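Read in order, the letters of the sequence shown are residues 800 to 1128 in the numbering used here.
Beneath this line is the structure, given in structure tokens, with notes to follow.
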Amino acid sequence: MTAAPNSPQTVAVVRCPNYVPERVRFAVGRLWDLLDPNHSLIRRGDRVLIKPNCIVPRPPSAAAQTDPTVILGIAELVRDLGGRPVVADSTAWGTIRACLEALGILDELKRRGIEVRTLNHPQAIRLPGVSGFRVPISRVALEADRIINLPKLKSHQQLGATFAVKNMFGVVPGKRKPLWHYLKGARHEDFCRMLIEIFRKLNPAVNIIDAVVGMEGPGPINGRPRPLGAIIGGIDPIACEMICCELIGFDPFTLPILHTARSIGFGCSERNDIEVVGDRYDDLICHDFQPAVQTPLRFSLPRVCKSIAKQTAYILQKRLLGTNKMVEY
């Protein structure tokens, strides 16, 4: 049976060769129409949390964060559909405002009246399959009417690559994330199960992956930009990740998140059950995308303490000196 255009097993691929704003707006609008032809995913008046990948205050040229044109394009699309867009994240380094300022859109979001929030105010949630601990999840995310997951396609030094599922780890407030690498990082299966259950709890309405320019090599922060020329979207995050793997020539089940998802029956990990709609992308498939050299997923206690100390020092520096520049300690 062929999947309907807005079914969970459908993945849309829309070609987008660069970040010219008009091209991006057209691409995200077309992608949305392919996934939601009846425009039923967002209701008028919905408070729609847009969750980009804001990881560290670096400019668009670094390809470390979701590109600003994609963030703005989705925010305006949400507004056109009658929703109230809110751009929100809890960043690994710095603050959401510092990250958006580095992307050059903080003032533009303010000018357009689009709210920016930090994913804070944690609420301890017991998640299935995550034994022994309650996971702190931002109430800002839990209370949103809809969530649009807006990640960047990147290589990843602990998980091979990061597409849809990992991006929602950002709903765990900032300085707590390194601790979870320590608590659940001894086994990839345990850490990835936690990521999947966080994703399942938040249940984003749609995933839209910025693959116009991805990151290869030592991602997710220090890799190299790699032009790919596409925006990929779908309701099912695992189906989206399967197509992302296809685009960059990765075996999906060598990636811990996809391996774990298949083992617990989360999402659609059977390629034959995924219908790709939109543009042809066979000529975009990258056969020499450079993976990241893998490092331990589990952070040591000294590393956790150092990470928390650096983040705290950064926040104090910003408050005292009024600068978003990262200082190494």
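Note that beta-carbon positions come from the ideal geometry of N, C-alpha and C, so glycine has one too.
All figures in this text were calculated on a predicted structure; none of them were measured in a lab.
List the whole-angstrom C-beta distance separating Glu-996 from Pro-927, where the pair is believed to meet the contact cut-off of C-beta under 8 Å. 6 Å
Val-939 - containing alpha helix (DSSP H), residue span: Counting along the chain, the alpha helix (DSSP H) containing Val-939 begins and ends at 938-941.
In or out: Gly-931 buried (at least 16 other Cβ within 10 Å) or exposed? exposed
As an exercise, report each continuous beta strand (DSSP E) stretch of at least 3 residues that is fully enclosed by the segment 1045-1098, in chain order. 1074-1077
Buried or exposed: which applies to Ala-923, given that a residue is buried once 16 or more other Cβ atoms fall within 10 Å of its Cβ? With fewer than 16 other Cβ atoms inside 10 Å of its own Cβ, Ala-923 counts as exposed.
Spatial neighbours of Val-1092 within its chain, please: C-beta separation below 8 Å, excluding the five flanking residues on both sides. Gln-956, Pro-1017
Where DSSP assigns a beta bridge to Gln-957, which residues make up the other side? Beta-bridge pairing links Gln-957 to no other residue.
What residue range is occupied by the uninterrupted alpha helix (DSSP H) comprising Lys-965? For Lys-965, there is no enclosing alpha helix (DSSP H), as DSSP marks it with neither H nor E.
Could you check what DSSP says for Pro-935 in three-state terms: helix, strand or coil? strand
Alpha carbon to alpha carbon, how far is Arg-822 from Val-1012? 14 Å
I need the DSSP call for Thr-809, collapsed to helix, strand or coil. Secondary structure at Thr-809: strand, using DSSP grouped into helix, strand and coil.
Range of the contiguous beta strand (DSSP E) that encloses Gly-1013: Following the DSSP letters along the chain, one finds Gly-1013 inside the beta strand (DSSP E) bounded by residues 1005-1015.
Are there three or more Cβ pairs, one per stretch, closer than 8 Å when the segment 1047-1059 is compared with the segment 816-836? no
When you compare only the Cα positions, how much space is there between Val-869 and Ile-904? 11 Å
Tell me where the alpha helix (DSSP H) around Leu-905 begins and ends. 905-910
Give me the Cα-Cα distance between Ala-940 and Gly-844, rounded to the nearest whole angstrom. 17 Å
Given that a residue counts as buried once 16 or more other Cβ atoms are within 10 Å of its Cβ, and exposed if not, what is Ser-745? Since the displayed the chain opens at 800 and closes at 1128, residue 745 lies outside it and no answer follows.
Can you look up Pro-816 in the DSSP assignment and give me helix, strand or coil? Look at Pro-816 here: in three-state DSSP terms it is coil, with no helix or strand label.
Sequence-distant residues of its chain with Cβ nearer than 7 Å to Ser-937 (five each side left out): Closer than 7 Å at the Cβ level, and outside the excluded window around Ser-937, lie Ser-889, Leu-918, Asn-919, His-920, Pro-921, Val-970, Pro-972.
State the start and end residues of the unbroken alpha helix (DSSP H) segment that holds Val-869. 867-879
So, helix, strand or coil for Ala-897, using DSSP? helix
Bounding residues of the alpha helix (DSSP H) (the contiguous stretch that carries Asp-989): Taken as a continuous stretch (DSSP letters only), the alpha helix (DSSP H) holding Asp-989 covers 987-1001.
Can you give me the Cβ contacts of Ile-946 inside the same chain, cut-off strictly under 7 Å, excluding the 5 residues immediately before and after it? Leu-848, Lys-850, Ala-940, Leu-1001, Pro-1003, Ala-1004
Taking just the CA atoms, how far does Phe-1065 sit from Ser-860? 34 Å
Test item: CB-CB of Val-877 and Ile-841 under 9 Å: yes
Looking at the strands, I want to know which residues DSSP matches up with Glu-914. Val-885
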